[in-house]
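Enquirer: For the protein sequence lines, the chains are A and B, in the order given.
The first sequence begins at 0 in numbering that gives the first Met the number 0 and counts up by one.
The second sequence begins at 0 in numbering that gives the first Met the number 0 and counts up by one.
The structure is given below, and queries will be raised subsequently.
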Amino acid sequence: MGLMLSCKDASELIVKRDAEELKFYDRMRLMMHLSMCKFCALFEKQNAFIDSNIKALDNTVVKEFQPESKEKILESLKNE
Amino acid sequence: MSDQTKTDSERVSELFKSHADYLFNYAITRVNDQHIAEDLVQDTFVAALRNIKNFESRSKESTWLTAILKNKIIDHYRKKVRQYHKESLDDLRSVEDYFDKNGKWNKTDQPQKWHINYNETIEQKEFYDILNNCLNRLNELQRIAFTMKHFDDIKSEDICKELEITSSNYWVIIHRAKLQLRKCMEAKWVNS
Numbered sequence: 000m001g002l003m004l005s006c007k008d009a010s011e012l013i014v015k016r017d018a019e020e021l022k023f024y025d026r027m028r029l030m031m032h033l034s035m036c037k038f039c040a041l042f043e044k045q046n047a048f049i050d051s052n053i054k055a056l057d058n059t060v061v062k063e064f065q066p067e068s069k070e071k072i073l074e075s076l077k078n079e
Numbered sequence: 000m001s002d003q004t005k006t007d008s009e010r011v012s013e014l015f016k017s018h019a020d021y022l023f024n025y026a027i028t029r030v031n032d033q034h035i036a037e038d039l040v041q042d043t044f045v046a047a048l049r050n051i052k053n054f055e056s057r058s059k060e061s062t063w064l065t066a067i068l069k070n071k072i073i074d075h076y077r078k079k080v081r082q083y084h085k086e087s088l089d090d091l092r093s094v095e096d097y098f099d100k101n102g103k104w105n106k107t108d109q110p111q112k113w114h115i116n117y118n119e120t121i122e123q124k125e126f127y128d129i130l131n132n133c134l135n136r137l138n139e140l141q142r143i144a145f146t147m148k149h150f151d152d153i154k155s156e157d158i159c160k161e162l163e164i165t166s167s168n169y170w171v172i173i174h175r176a177k178l179q180l181r182k183c184m185e186a187k188w189v190n191s
């Protein structure tokens, strides 16, 4: 990575940033890149948007527990 | 059957009736397979039945059951990832195909404007159905790493340890997962 980041490297730093603090040099390069590249700026925004909404998915019912399956498990517990 | 076991089994049946739905949902968002989720819930209650004598009602039932289920899920993940290791990590595709040889976004992968309020919390069921759908399109390894990171807030280094993968492999997995998820949401939610 030179002083100018590629979009590939920039998007990688964006993804890594929430897990580890970036080095000063990387922060600067990323800031510079984001100020010039509208695609990476959009990637940054949209990625953050997905991240902030994804946790709520955990509390959303995505699929019903089938009553027949429940019945079967209850039966098998009785025989344990 | 002694009276004591009968009582245990009745207690666990009651626990099942009040917590099974929650636990099933917890499992299926993490393993994306109805049958595996059902098996994990069943294993959880079998373990609960064996340990119910040690269960102190000091802790909440749901917390206790979720803790058992969490361990079952991690065991399942480990098994899955070991299969990957066996089949070699070739499946671990890099992010190359999103960018050209100079590292610029490919035309078809360039993020487009989404006409939404980025600060808004989304409440529509449709949004979450699509998000779940996009999550399910990730490959297994991506999905596991992503779920551990975002649902369970596990630190990156601990995910690497649990799944026995290197940190650089982990970042390729997550980077690709995020590129893919963003693109999928753009296609299925924003532009639909």
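We put the beta carbon where it would ideally sit given N, CA and C, even for glycine.
Note that the coordinates shown come from a computational prediction; the quantities given were computed from them, not determined experimentally.
Runs of 4 residues minimum, wholly inside the region 56-121 of chain B: which ones carry the alpha helix (DSSP H) assignment?
Expert: Correct list: 60-85.
Enquirer: Taking only three categories from DSSP, how would you classify B/Thr146?
Expert: Correct three-state label for B/Thr146: helix.
Enquirer: Quick check on B/Ala66: buried or exposed, where buried means 16 or more other Cβ atoms within 10 Å of its Cβ?
Expert: Result: exposed.
Enquirer: Rounded to whole angstroms, what is the Cα-Cα separation between A/Ser68 and B/Phe15?
Expert: Roughly 12 Å separates the two Cα atoms.
Enquirer: Measure the C-alpha to C-alpha separation of A/Asn52 and B/Asn118 and round it to an integer number of angstroms.
Expert: Cα to Cα, A/Asn52 sits roughly 10 Å from B/Asn118.
Enquirer: Give the residues from the region 47-73 of chain A that approach chain B closer than 9 Å (Cβ to any Cβ), ordered along the chain.
Expert: The region 47-73 of chain A vs chain B, Cβ under 9 Å: Ala47, Phe48, Ile49, Asp50, Ser51, Asn52, Ile53, Lys54, Ala55, Leu56, Asp57, Asn58, Thr59, Val60, Val61, Lys62, Glu63, Phe64, Gln65, Ser68, Lys69, Lys71, Ile72 and Leu73.
Enquirer: Based on Cα-Cα distance, which residue from B/Leu180, B/Val40 and B/Tyr97 lies nearest to B/Arg136?
Expert: When each option's Cα is compared against that of B/Arg136, the closest is B/Leu180.
Enquirer: Tell me the rounded alpha-carbon separation between B/Tyr25 and A/Leu56.
Expert: So the two alpha carbons sit approximately 10 Å from each other.
Enquirer: When the cut-off is 8 Å and only beta carbons count, does A/Glu11 lie next to chain B?
Expert: Yes, its Cβ sits closer than 8 Å to a Cβ of chain B.
Enquirer: Rounded to a whole number of angstroms, what is the C-alpha to C-alpha distance between B/Ser191 and B/Pro110?
Expert: Computed Cα separation, rounded: 16 Å.
Enquirer: Specify the secondary structure class of A/Glu63 as computed by DSSP and reduced to three states.
Expert: Residue state, collapsed to three classes: coil.
Enquirer: Is it buried or exposed, B/Met0, if we count other Cβ atoms within 10 angstroms and call 16 or more buried?
Expert: Here B/Met0 scores only 46 on pLDDT, less than 50, and its place in the model is too uncertain to base an answer on.
Enquirer: Which stretch, first to last residue, makes up the alpha helix (DSSP H) that contains A/Ala55?
Expert: Lys37 to Leu56 is the extent of the alpha helix (DSSP H) around A/Ala55.
Enquirer: For my contact list, B/His149 and B/Val94 are in at a C-beta cut-off of 8 Å; report their separation, rounded to the angstrom.
Expert: Wrong, their Cβ atoms sit about 19 Å apart, outside the cutoff.
Enquirer: Using 8 Å as the limit for Cβ to Cβ distance, is A/Ser34 near chain B?
Expert: No, A/Ser34 lies away from the interface with chain B (no Cβ there is under 8 Å from its Cβ).
Enquirer: Just the Cα atoms here: how many angstroms apart are B/His34 and A/Ser5?
Expert: Their backbone Cα atoms lie some 43 Å apart in a straight line.
Enquirer: Within its chain, find whatever has a CB closer than 7 Å to the CB of B/Asp99; leave out the 5 residues flanking it on each side and keep chain order.
Expert: Correct list, in chain order: Asn105.
Enquirer: Assuming the contact rule is C-beta atoms closer than 8 Å, B/Ser8 and A/Leu76 should be a hit. Round their C-beta distance to whole Å, please.
Expert: Right, their Cβ atoms sit about 7 Å apart.
Enquirer: As a quick exercise: from B/Tyr76, B/Asn53 and B/Phe126, pick the residue whose alpha carbon is nearest that of A/Val60.
Expert: If we check each option's Cα against that of A/Val60, B/Phe126 comes out closest.
Enquirer: Is B/Asn132 helix, strand or coil when you go by DSSP?
Expert: In the structure shown, B/Asn132 sits in a helix (DSSP, three-state: H, G or I).
Enquirer: Would a check of beta-carbon distances place A/Asp25 closer than 8 Å to chain B?
Expert: Not an interface residue.
Enquirer: Does DSSP put B/Glu125 in a helix, in a strand, or in coil?
Expert: Of the three classes helix, strand and coil, the one that applies to B/Glu125 here is helix, per DSSP.
Enquirer: What in chain A is Cβ-close to B/Asn193, meaning under 8 Å?
Expert: Not covered by the structure: residue 193 of chain B. The range shown for chain B is 0 to 191.
Enquirer: Relative to the C-alpha of B/Asn132, which candidate in B/Phe44, B/Lys187, B/Arg49 and B/Ile115 has its C-alpha closest?
Expert: Comparing Cα positions, the closest option is B/Lys187.
Enquirer: Measuring CB atoms only, is the region 155-170 of chain B touching the region 71-84 of chain B, in the sense that at least three cross pairs come out at less than 8 Å?
Expert: With a cut-off of 8 Å, the region 71-84 of chain B and the region 155-170 of chain B count as touching, because enough Cβ pairs lie within range.
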